[in-house]
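Chemist: Each position in the sequence shown, counted from 1, maps to that position plus 400 in the working numbering.
For glycine and all other residues, C-beta sits at the position ideal for the given N, C-alpha and C.
Here the structure is a predicted model, which is why all the values come from computation and not from measurement.
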Amino acid sequence: MKTSVRHILIALGVVFAWVVAWYHGTAAEILEIWWRSETFAHGLLVLPISAWLVWRSRDRLVGEVLRPCWIMSVPILLAGMAWLLGELASVASVTHAALALLLIFSLVGVLGLHLSRVLAFPILFLFFGVPIGEFLLPIMMKYTAMFTVAAVRTSGVPVYQEGLHFVVPNGRWSVVEACSGVRYLIASLMVGTLYAYLSYRSLKRRLLFVACALVVPIVANWLRAYMIVMLGYLSDNNLATGVDHILYGWLFFGIVIMLMFWIGGRWREDLTPIDALREVQTVSVEKKPEFFALVLRAAPIAIAVAVWPLLLGALERTGAAQAQVASAVPVLNLSSEWSETTSASDDFKPSFIGFQQEALRHFTDGRHEVSVYVAVYAQQGSGRELVHSSNQLLQPSDNNWSRLAEGGGPDSGHGSWLHSVLAGRNRQVVALSGYWIDGRLVTNDYVAKALLALTKLQGRPDTSAYVAVWASGLDEQRAEEQLKAFQRENGKNVLEMLSRLNTQG
Numbered sequence: 401m402k403t404s405v406r407h408i409l410i411a412l413g414v415v416f417a418w419v420v421a422w423y424h425g426t427a428a429e430i431l432e433i434w435w436r437s438e439t440f441a442h443g444l445l446v447l448p449i450s451a452w453l454v455w456r457s458r459d460r461l462v463g464e465v466l467r468p469c470w471i472m473s474v475p476i477l478l479a480g481m482a483w484l485l486g487e488l489a490s491v492a493s494v495t496h497a498a499l500a501l502l503l504i505f506s507l508v509g510v511l512g513l514h515l516s517r518v519l520a521f522p523i524l525f526l527f528f529g530v531p532i533g534e535f536l537l538p539i540m541m542k543y544t545a546m547f548t549v550a551a552v553r554t555s556g557v558p559v560y561q562e563g564l565h566f567v568v569p570n571g572r573w574s575v576v577e578a579c580s581g582v583r584y585l586i587a588s589l590m591v592g593t594l595y596a597y598l599s600y601r602s603l604k605r606r607l608l609f610v611a612c613a614l615v616v617p618i619v620a621n622w623l624r625a626y627m628i629v630m631l632g633y634l635s636d637n638n639l640a641t642g643v644d645h646i647l648y649g650w651l652f653f654g655i656v657i658m659l660m661f662w663i664g665g666r667w668r669e670d671l672t673p674i675d676a677l678r679e680v681q682t683v684s685v686e687k688k689p690e691f692f693a694l695v696l697r698a699a700p701i702a703i704a705v706a707v708w709p710l711l712l713g714a715l716e717r718t719g720a721a722q723a724q725v726a727s728a729v730p731v732l733n734l735s736s737e738w739s740e741t742t743s744a745s746d747d748f749k750p751s752f753i754g755f756q757q758e759a760l761r762h763f764t765d766g767r768h769e770v771s772v773y774v775a776v777y778a779q780q781g782s783g784r785e786l787v788h789s790s791n792q793l794l795q796p797s798d799n800n801w802s803r804l805a806e807g808g809g810p811d812s813g814h815g816s817w818l819h820s821v822l823a824g825r826n827r828q829v830v831a832l833s834g835y836w837i838d839g840r841l842v843t844n845d846y847v848a849k850a851l852l853a854l855t856k857l858q859g860r861p862d863t864s865a866y867v868a869v870w871a872s873g874l875d876e877q878r879a880e881e882q883l884k885a886f887q888r889e890n891g892k893n894v895l896e897m898l899s900r901l902n903t904q905g
């Protein structure tokens with residue numbers, strides 16, 4: 401007696417429900433991102449498309465037998481560990497990707513390796529539901545600005561550039577997140593991969609078309625940005641500067657993608673009835689395993705899925721027993737020549753959200769003026785993370801300031817500072833910044849996340865902070881001199897203030 405297609409479909413539904421039930425919080429986060437984000441709105445189509453692809457392959461499932469593979473518990477455990485660390489460190493991209501891996505490994509484990517090969521593409525297609533790709537924003541914005549400026553100059557138009565901002569004779573332009581092309585790239589890659597699977601049989605042609613779906617939207621976005629600037633310049637900003645800017649962008653992208661599909665259609669290799677018949681005939685004649693045997697073989701997989709949410713719950717109960725509320729930012733003990741002032745020579749301030757406490761203070765010795773910013777975090781969770789894409793010294797979309805340089809700064813004795821040079825309309829800012837975590841000053845986001853996860857795993861309070869010290873001047877040299885004067889006399893005092901956060905948090 402052979403396993404019916406209905407039994408296989410039921411098994412798929414049970415596995416999906418089991419994984420989502422245990423990781424419902426992460427699944428809800430992903431759904432919320434799909435619903436509100438234009439960049440990841442395609443995720444709403446991933447599950448229906450994957451289900452349709454399974455239904456489309458139902459003839460190939462006739463006669464196949466469920467053979468749960470307990471060895472898949474190992475990759476499930478590894479993916480679950482990644483999810484746990486992502487939860488502890490509040491790294492949404494890690495938890496979201498880990499959930500997709502958990503679901504895929506669980507499906508493979510319950511179906512068995514042979515049956516999973518038949519449904520390999522529908523299962524792997526679930527990866528497109530992971531809302532990841534925002535890390536590409538600064539990279540793609542940078543290269544979009546570089547190409548646009550170079551192309552406009554080649555067209556004979558003079559351009560002055562400052563980072564992502566550039567000025568032509570009759571207007572000022574900026575490459576913002578919507579101009580990065582990330583949403584074009586993700587949409588093109590998903591649709592292009594689906595088209596390649598449905599239209600070609602050879603792996604070579606499929607990979608070639610996917611590569612085109614990856615490269616074409618990037619180049620198309622560069623051309624789109626260039627043509628928008630030129631339209632604005634040639635029309636004296638009467639065209640491509642309002643709503644038509646966005647409409648033109650999507651229209652141009654749609655034309656380019658349709659052209660790519662039209663060209664790709666010239667080499668279609670759709671399955672013939674003979675091919676389909678051959679695949680249907682290669683069915684198993686083994687008998688269906690007993691229900692109890694199936695459950696027994698799938699039990700290690702089910703346990704591997706459930707163990708990590710249970711462990712997280714235990715850690716959260718321990719954390720709740722020692723709940724932390726960050727106290728006010730401690731007073732900075734200054735050297736005798738320095739005192740606090742209420743005035744500031746610039747309107748600059750780091751962009752941070754989700755903190756429990758925040759303080760911005762200005763200090764002077766009569767000749768120099770320096771500002772110190774501290775944002776304190778404790779009991780971190782979704783929307784309340786210290787290390788987050790929304791928390792930066794300078795947001796890429798800030799039209800008032802641009803980043804001129806950034807690199808390693810001086811050693812504080814507890815870690816090195818990040819040294820940044822920013823330019824405003826009339827002033828320049830030199831800043832030292834970093835994350836203060838468990839008595840260490842770090843500047844790398846990944847190291848900071850790892851330290852936060854380790855702190856929580858050890859059951860210690862995760863009270864931590866972001867600190868930035870900066871000075872401004874008409875030029876970089878003047879700002880650097882002011883900052884060095886403050887650091888010489890008060891650098892250790894700043895670290896001592898941060899150390900008091902850990903004792904009172």
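#1: How should Lys849 be labelled, buried or exposed, when 16 other C-beta atoms within 10 angstroms of its C-beta is the threshold for buried?
#2: Just to confirm my understanding: we take Gly480, look at its own chain, exclude 5 residues before and 5 after, and list those with CB closer than 8 Å. What are they?
#3: Helix, strand or coil for Leu786, going by three-state DSSP, please let me know.
#4: In the structure shown, what three-state DSSP assignment does Gln757 receive?
#5: Could you have a look at Ile703 and say whether DSSP puts it in helix, strand or coil?
#6: Shortest alpha-carbon distance to Phe505 belongs to which of Pro468, Met541, Ala489 and Gly529?
#7: Could you compute how far the alpha carbon of Ser574 sits from the alpha carbon of His565?
#8: Within the same chain, show all residues whose beta-carbon is closer than 6 Å to that of Tyr626, passing over the 5 residues directly before and after it, in chain order.
#9: Exposed or buried, which one is Trp817 when buried takes at least 16 other CB atoms within 10 Å?
#10: Only counting the same chain, and skipping five residues up and downstream in sequence, which positions put a Cβ closer than 7 Å to that of Val415?
#11: What is the DSSP secondary structure of Arg460, counted as helix, strand or coil?
#12: If you follow the beta strand (DSSP E) that Gly809 is in, where does it begin and where does it stop?
#13: Can you look up Gly533 in the DSSP assignment and give me helix, strand or coil?
#14: Pop quiz: Val518 and Ser457 are said to be a contact at Cβ under 8 Å. What is the actual Cβ separation, rounded to whole angstroms?
#15: For Val510, does the three-state DSSP call read helix, strand or coil?
#16: Can you give the beta carbon distance from Val616 to Ser588, rounded, assuming they're within the 8 Å contact cut?
#17: Kindly indicate the opening and closing residues of the beta strand (DSSP E) around Ser872.
#18: Along the alpha helix (DSSP H) that carries Phe748, what are the first and last residues, could you check?
#19: Which whole-angstrom value describes the C-beta separation of Val568 and Val557, a residue pair presumed to lie in contact below a C-beta threshold of 8 Å?
#20: Would you check if the segment 443-459 and the segment 511-531 touch, i.e. whether three or more CB-CB distances between them fall below 8 Å?
#21: Can you confirm whether the segment 858-866 touches the segment 773-780 when touching is taken to mean that 3 or more C-beta pairs between the two stretches lie within less than 8 Å?
#22: For Leu412, which residues from the same chain have a beta carbon less than 6 Å from its beta carbon, with the 5 sequence-adjacent residues on both sides left out?
#23: Distance, Cα to Cα, Glu473 vs Leu710?
#24: What did DSSP end up calling Thr855 once you bin it into helix, strand or coil?
#25: Name the residue from Gln756, His407, Leu409 and Gly425 whose alpha carbon lies nearest to the alpha carbon of Leu712.
#26: Report yes if the CB atom of His819 is closer than 8 Å to the CB atom of Arg840, and no otherwise.
#27: According to DSSP, is Tyr423 part of a helix, a strand, or is it coil?
#28: Could you check the C-alpha separation between Phe653 and Phe661 for me, to the nearest Å?
#29: Is Tyr846 buried or exposed, if buried means 16 or more other CB atoms sit within 10 Å of its CB?
#30: Out of Ala831, Ser797 and Tyr595, which one is the CA nearest neighbour of Ile663?
#31: Which class does Leu564 belong to by DSSP, given the choice of helix, strand or coil?
#32: Hey, quick one: how far does the alpha helix (DSSP H) through Ile523 stretch, first residue to last?
#33: Cα separation between Leu659 and Tyr633?
#34: On the criterion of 16 or more Cβ atoms from any shown chain inside 10 Å, does Ser490 qualify as buried, or is it exposed?
#35: Quick check on this structure: which residue in Trp801, Val842 and Ser812 has the alpha carbon closest to the alpha carbon of Arg827?
#36: Using DSSP with H/G/I as helix, E/B as strand and the rest coil, what is Arg572?
Modeler: Checking against the coordinates, here is how it stands:
#1: The count along the sequence shown starts at 1 and reaches residue 849 at position 449. When all chains shown are included, Lys849 counts as buried.
#2: Looking up residue 480 in the sequence shown gives position 80. The beta carbon of Gly480 sits closer than 8 Å to those of Ala498, Leu502, Ala704, Val705, Val707 and Trp708, all from its chain and outside the five residues before and after it, given in chain order.
#3: The residue labelled residue 786 in the question sits at position 386 within the sequence shown. Coil.
#4: The residue labelled residue 757 in the question sits at position 357 within the sequence shown. Strand, per DSSP.
#5: Position 303 of the sequence shown, counting from 1, holds the residue named residue 703. Correct three-state label for Ile703: helix.
#6: The residue labelled residue 505 in the question sits at position 105 within the sequence shown. Among Pro468, Met541, Ala489 and Gly529, the Cα nearest to that of Phe505 is on Pro468.
#7: One-based indexing of the sequence shown puts residue 574 at position 174. One-based indexing of the sequence shown puts residue 565 at position 165. Going by the C-alpha atoms only, they are around 4 Å apart.
#8: Here the question's residue 626 lines up with position 226 in the sequence shown. Only Thr548 and Ala551 meet the Cβ criterion.
#9: Along the sequence shown, one-based indexing puts residue 817 at 417. Around the Cβ of Trp817, a 10 Å sphere holds 16 or more other Cβ atoms; the residue is buried.
#10: Walking along the sequence shown from the start, residue 415 turns up at place 15. Closer than 7 Å at the Cβ level, and outside the excluded window around Val415, lie Ser506, Leu507 and Val510.
#11: Numbered from 1 along the sequence shown, position 60 holds the residue referred to as residue 460. Arg460: helix per DSSP, three-state reduction.
#12: Indexing the sequence shown from 1 puts residue 809 at position 409. Annotation for Gly809: the continuous beta strand (DSSP E) segment containing it runs Ser802 to Asp811.
#13: By 1-based counting over the sequence shown, the position of residue 533 is 133. Coil at Gly533, not helix or strand.
#14: For this step, residue 518 is matched to residue 118 along the sequence shown. For this step, residue 457 is matched to residue 57 along the sequence shown. Right, their Cβ atoms sit about 6 Å apart.
#15: Reading the sequence shown from its first residue, position 110 is the one you call residue 510. Assignment of Val510 by DSSP, reduced to helix, strand and coil, places it in the helix class.
#16: Residue mapping note: residue 616 aligns to position 216 of the sequence shown, counting from 1. Residue mapping note: residue 588 aligns to position 188 of the sequence shown, counting from 1. With 8 Å as the limit, Val616 and Ser588 qualify as a contact, their Cβ atoms being about 7 Å apart.
#17: To locate residue 872, count along the sequence shown from 1; it is residue 472. Here the beta strand (DSSP E) through Ser872 covers Ser864 to Gly873.
#18: What you label residue 748 is simply residue 348 of the sequence shown in a count that begins at 1. First-last for Phe748: undefined, no H or E at that position.
#19: By 1-based counting over the sequence shown, the position of residue 568 is 168. By 1-based counting over the sequence shown, the position of residue 557 is 157. About 6 Å separates the two Cβ atoms, so the contact holds.
#20: yes
#21: yes
#22: Taking the first residue of the sequence shown as 1, we reach residue 412 at position 12. Once the five neighbours on either side are set aside, Leu412 has no close Cβ partner at all.
#23: Here residue 473 refers to the residue found at position 73 when the sequence shown is read from its first residue. Here residue 710 refers to the residue found at position 310 when the sequence shown is read from its first residue. According to the sequence shown, residue 473 is Ser rather than Glu. Looking at the two C-alpha atoms, the distance is approximately 16 Å.
#24: Indexing the sequence shown from 1 puts residue 855 at position 455. If DSSP states are grouped into helix, strand and coil, Thr855 belongs with the helices.
#25: Locating residue 712 in the sequence shown gives position 312, where the first residue counts as 1. Closest by alpha carbon: Gly425.
#26: One-based indexing of the sequence shown puts residue 819 at position 419. One-based indexing of the sequence shown puts residue 840 at position 440. No; because the gap between Cβ atoms is not below 8 Å, this pair is not in contact.
#27: In the sequence shown, the residue the question calls residue 423 occupies position 23. Secondary structure at Tyr423: coil, using DSSP grouped into helix, strand and coil.
#28: The sequence position of residue 653 within the sequence shown is 253, counting from 1. The sequence position of residue 661 within the sequence shown is 261, counting from 1. So the two alpha carbons sit approximately 12 Å from each other.
#29: Mapped onto the sequence shown, residue 846 falls at position 446. So Tyr846 ends up on the exposed side.
#30: Residue numbering aside, residue 663 sits at position 263 when the sequence shown is read from its first letter. It is Tyr595.
#31: Start at 1 with the first residue of the sequence shown, and residue 564 comes out as number 164. Annotated three-state conformation of Leu564 is coil, per DSSP.
#32: The residue given as residue 523 occupies position 123 in the sequence shown. Start and end: Ala520 to Leu524.
#33: As a first step, residue 659 must be located in the sequence shown, where it is residue number 259. As a first step, residue 633 must be located in the sequence shown, where it is residue number 233. Each residue's alpha carbon lies about 28 Å from the other.
#34: Locating residue 490 in the sequence shown gives position 90, where the first residue counts as 1. Of the other Cβ atoms in all chains shown, 16 or more fall within 10 Å of the Cβ of Ser490; this residue is therefore buried.
#35: As a first step, residue 827 is located in the sequence shown; it is residue number 427 there, counting from the start. The residue with the shortest Cα to Cα distance from Arg827 is Trp801.
#36: In the sequence shown, the residue the question calls residue 572 occupies position 172. Note: Arg572 maps to strand in three-state DSSP.
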